[in-house]
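Everything in the sequence shown is counted per our numbering, starting at 32 for the first residue and increasing by one. Glycine included, every Cβ here is placed at the ideal spot set by N, Cα and C. Only a predicted model underlies this, so the values are computations on that prediction, with no experimental measurement involved.
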Amino acid sequence: MGIIYLVIIAIAYLILARSSAEKTRRSLEISWKSLVKMIPLLLAIFALVGLFEQFVSPEWIESRFGADAGLMALLTGAGLGSIAIGPPLAAFPLAGTLLDNGAWPSAVATFIVAWISVGIVTLPFEAEVFGLRFTLLRNGLAFVSALLIGLCIGIVL
């Protein structure tokens, strides 16, 4: 899939280069600088996935995240996603590892949605900026939404 995106982007750059070579050059410079800044993050994500794969057994994953765990799998996914901190980009490789090791797609979807939308670790900062009532309501609704989205994924898949 990544190759397809690269081909599409390369074609777009070729088309744009014909209309404005200077803007295309600047765009490529910005893209390169962004990539260089992201390399440490990407390496850290891959290292984290490697550690996860080596120290968390497939049996443990299946027992906590598998379809047989039912509601507990959804709650585990939502709970771990809620306390995870880091860029959403990091959630996807971890989610892929969970799926590869027997996790229920519903639990994995719940994990991803909770990671992206619920912020238990950042709750004090959010409450300071937006107020406690708003923060608790937003996080509570996001948590419930993560569970509902996970259930919907289970129905569709």
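Quiz item: Using a Cβ-Cβ cut-off of 8 Å (strictly less than) and excluding sequence neighbours within five positions of Leu178, which residues of its own chain qualify?
Solution: By one-based count along the sequence shown, residue 178 stands at place 147. If we look at Leu178 and ignore the five residues flanking it on each side, its Cβ neighbours are Leu105, Leu106, Ala109, Thr141.
Quiz item: Looking at the structure shown, is Trp135 part of a helix, part of a strand, or coil, going by DSSP?
Solution: If you number the sequence shown from 1, residue 135 lands on position 104. Coil at Trp135, not helix or strand.
Self-check item: Length of the line joining the Cα atoms of Ala158 and Ile114
Solution: Position 127 of the sequence shown, counted from the start, is the residue given in the question as residue 158. Position 83 of the sequence shown, counted from the start, is the residue given in the question as residue 114. About 16 Å.
Quiz prompt | Integer-rounded CB distance, given that Ala126 should sit under 8 Å from Ser148 | solution = As a first step, residue 148 must be located in the sequence shown, where it is residue number 117. As a first step, residue 126 must be located in the sequence shown, where it is residue number 95. Contact doesn't hold; Cβ gap of about 14 Å is too wide.
Self-check item: Reference Ala121, options Ala75, Pro89, Glu60, closest by Cα
Solution: As a working note, residue 121 is residue 90 in the sequence shown. Ranking the options by Cα distance to Ala121, first place goes to Ala75.
Exercise. Excluding the 5 residues preceding and the 5 following Phe123 in the sequence, name in chain order all residues of the same chain whose CB lies nearer than 8 Å to its CB.
Key: Here the question's residue 123 lines up with position 92 in the sequence shown. Within the same chain, Phe123 has close Cβ partners Ile143.
Quiz item: Exposed or buried, Trp91, counting other C-beta atoms within 10 Å across all chains shown (16 or more means buried)?
Solution: In the sequence shown, residue 91 corresponds to position 60, counting from 1. Under this definition Trp91 is an exposed residue.
Quiz item: Using the rule of at least 16 other Cβ atoms within 10 Å of the residue's Cβ for burial, across every protein chain shown, is Ala52 buried or exposed?
Solution: Here residue 52 refers to the residue found at position 21 of the sequence shown. Ala52 sits exposed, since fewer than 16 C-beta atoms from the chains shown fall within 10 Å of its C-beta.
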